[in-house]
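This report concerns only the one structure given below.
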Amino acid sequence: MKECIVALSVTLALLGASFAFGQHEKPAAPNSKANALVYAELAKAPDKARAKRNPMENDPDAVAAGQNLFERHCAECHGNAGYGTEKAPSLRAEDVQSAAPGAIFWILTNGVVRRGMPVWSKLPEPQRWQLVSFIKSLGVVPKTPEKKPD
Amino acid sequence: MTLRVRLPFSASCLLAALACFPHFGRAQESPYIVTYDHYLEEPGNLEVEYFSTFGTQRGGNNFHAFWTELEYGATAWWTTELYLDGQTTFQESTIFTGLRFENRIRPLKHEHFVNPILYVEYERKNGADKILKEVEGHDVESDFLVPNAAARKDHINELEFKLILSSTVKGWNFAENIIASKNLSNQPWEFGYALGASRPLALKASAKRCSFCRENFVAGVEMYGGLGDRYSFGLNNTSHYVAPVVAWNLPSGWTLRLSPSFGLNDNSHAFLLRWGVSREITGFGSAMNRLFRGRS
Chain A
5 MKECIVALSV TLALLGASFA FGQHEKPAAP NSKANALVYA ELAKAPDKAR
55 AKRNPMENDP DAVAAGQNLF ERHCAECHGN AGYGTEKAPS LRAEDVQSAA
105 PGAIFWILTN GVVRRGMPVW SKLPEPQRWQ LVSFIKSLGV VPKTPEKKPD
Chain B
158 MTLRVRLPFS ASCLLAALAC FPHFGRAQES PYIVTYDHYL EEPGNLEVEY
208 FSTFGTQRGG NNFHAFWTEL EYGATAWWTT ELYLDGQTTF QESTIFTGLR
258 FENRIRPLKH EHFVNPILYV EYERKNGADK ILKEVEGHDV ESDFLVPNAA
308 ARKDHINELE FKLILSSTVK GWNFAENIIA SKNLSNQPWE FGYALGASRP
358 LALKASAKRC SFCRENFVAG VEMYGGLGDR YSFGLNNTSH YVAPVVAWNL
408 PSGWTLRLSP SFGLNDNSHA FLLRWGVSRE ITGFGSAMNR LFRGRS
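If you're matching them up, the sequences are chains A and B in order. The first sequence runs 5 to 154 under this note's numbering. The second sequence runs 158 to 453 under this note's numbering.
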């Protein structure tokens, strides 16, 4: 029994260390240099990816479906309305809204893993395009963090 | 046969954890129970999972093994996980069988056709462990015939390494796990494998939130077994299973999994029925941060 308690304590200590490490890696504070670095990833999309057209652009349900997906998977970090939070930058910034749909799709597929944005290729391609449709529908507003996520 | 049903210790942990944190995420979980794909936990999120395996045992008592997983996304490239295992062997006893601490690391920045993940696990368990989370070496059905009272006295410290290779093509996920494990008490290296393929029933999302939409269901199949040890590598004298799998990702945040497994040779349990329930708690890391650092 004593051995079990020791092993459990060591494991919990290691878990605690991982929490601390994880939180130490701050992704993108609002309006910071870090945001600029995340937005800069959009420019790294290869030309072939950038040139892709959104196959959902004429689908009348794409924005609504994309909103559902956004609330499920993205709102936790980017905020329910996409204004960004302490965890992740605004999606209503000029950098995002002026980006080619293919570049946003590329970011969704590949993530920005070293800056906290996970890979979302586990969502099937049509769902990622639905997300692009929703993100593009948000429009441009100044980069301000959501004070109170609704 | 009298079946004694007890609330497992791990189920209590699950309920306690879920009661403490009200912020739930709605993840898109894979249906695999044994195989790992290359998708890690989202950073700062904690996924609480409970799994059960009912197994038939020739020449002995059937069993119900169960485990709880606490899976935390430390970063977008590192997931860490704690397992607590237990089992009930019918007409014998219910016992705690050990714990596992695992880490999965994504070495590459971008998505590729084949995506590798490195997996390292430390296991401290006893000989009565029956969760069958993987098959290694020459694991066979008759290993489980040892009564709990004797098997629990055998303590095992083991390191396990996996190379996880996973691809997603046109909605299909294909995952291959190559397993190498080392019992730290001077035992030879043992090897195993797990393969999986799965696909959501629909690739487009519905415009309305719904529980029974086809995109909420992911179905597939996995196959796993042993590959012997360093002295006798191969598919012989070990067990192999094939298992259809299905996951139901509910909009409320719960994921339910079901998988009947069938033994492919006489060394395998004839039938295993596995099921699991999980829920993701978003912002767990931030909550811990506030708790220990006193700021938001």
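Each residue gets a CB set at the ideal place from its N, CA and C atoms; glycine is no exception.
| Item | Value |
| --- | --- |
| Contact between the segment 187-194 of chain B and the segment 345-360 of chain B (3+ Cβ pairs under 8 Å) | yes |
| Bounding residues of the alpha helix (DSSP H) (the contiguous stretch that carries T113 (chain A)) | 105-114 |
| Nearest-angstrom Cβ-Cβ length linking W294 (chain B) and D386 (chain B), presumed shorter than 8 Å | Note that residue 294 (chain B) is Gly in the sequence shown, not Trp. Yes, they are in contact, since the Cβ atoms of G294 (chain B) and D386 (chain B) sit about 5 Å apart, within 8 Å. |
| Partner residues on chain A for S363 (chain B), Cβ-Cβ distance less than 7 Å | A69 |
| Contact belief for L384 (chain B) with G377 (chain B) at Cβ below 8 Å, rounded distance in angstroms | Not really, about 22 Å apart at Cβ, beyond 8 Å. |
| Minimum Cβ-Cβ distance from K52 (chain A) to chain B less than 8 Å | no |
| In DSSP terms, what F301 (chain B) is bridged to | Answer is none; F301 (chain B) lacks a bridge partner. |
| Cα-Cα separation, P200 (chain B) to G216 (chain B) | 46 Å |
| Where V42 (chain A) sits in the DSSP three-state scheme | helix |
| Option nearest L241 (chain B) by Cα separation, candidates B:G230, B:I438, B:W224 | B:W224 |
| Residue environment, Q344 (chain B), which counts as buried when at least 16 other CB atoms sit within 10 Å | exposed |
| Interface positions of the segment 244-272 of chain B facing chain A (Cβ-Cβ less than 7 Å), listed along the chain | L256, F258, R263, K266, H267, E268 |
| Endpoints, beta strand (DSSP E) assigned at P93 (chain A) | It is not in any beta strand (DSSP E) - P93 (chain A) carries neither H nor E in the DSSP assignment. |
| Counterpart residues of K319 (chain B) in DSSP-defined beta bridges | B:Y276, B:I336 |
| Proximity test, Cβ basis, 8 Å: A233 (chain B) and chain A | yes |
| Three-state class that DSSP yields for V144 (chain A) in the structure shown | coil |
| Among B:F318, B:D311, B:S435, B:L430, the one whose alpha carbon lies nearest that of S342 (chain B) | B:D311 |
| Within chain A, the residues that T439 (chain B) reaches when beta carbons sit closer than 7 Å | E80 |
| Sequence-distant residues of its chain with Cβ nearer than 6 Å to P122 (chain A) (five each side left out) | G115 |
| Minimum Cβ-Cβ distance from R57 (chain A) to chain B less than 8 Å | no |
| Chain A residues whose Cβ lies nearer than 8 Å to that of R366 (chain B) | N72 |
| Segment contact flag, the segment 93-111 of chain A with the segment 40-47 of chain A, C-beta cutoff 8 Å, min 3 pairs | yes |
| DSSP-derived helix/strand/coil call for G410 (chain B) | coil |
| Any 3 or more C-beta pairs closer than 8 Å across the segment 260-269 of chain B and the segment 352-370 of chain B | no |
| Bounding residues of the alpha helix (DSSP H) (the contiguous stretch that carries S443 (chain B)) | 441-450 |
| Under 9 Å by beta carbon: chain B residues contacting L46 (chain A) | Near L46 (chain A) there are no residues of chain B at all, since even the closest Cβ is about 14 Å away, more than 9 Å. |
| CB contact check: R132 (chain A) to chain B, cutoff 8 Å | no |
| Contact list for E129 (chain A) against chain B, beta-carbon separation under 8 Å | K327, G328, L360 |
| From B:F419, B:L322, B:E226, residue whose alpha carbon lies closest to that of H397 (chain B) | B:F419 |
| 6 Å Cβ shell around N446 (chain B) - same chain, five flanking residues per side excluded | none |
| Close beta carbons around E80 (chain A), own chain, < 8 Å, minus the five adjacent residues each side | K91 |
| C-beta atoms of S187 (chain B) and A364 (chain B) nearer than 8 Å | no |
| Residue-level contact to chain B via CB, V42 (chain A), 8 Å cutoff | no |
| Opening and closing residue of the alpha helix (DSSP H) in which Q101 (chain A) lies | 98-101 |
| E61 (chain A) burial status per 10 Å Cβ neighbour count (16 or more: buried) | exposed |
| Start and end residues, alpha helix (DSSP H) containing L73 (chain A) | 66-77 |
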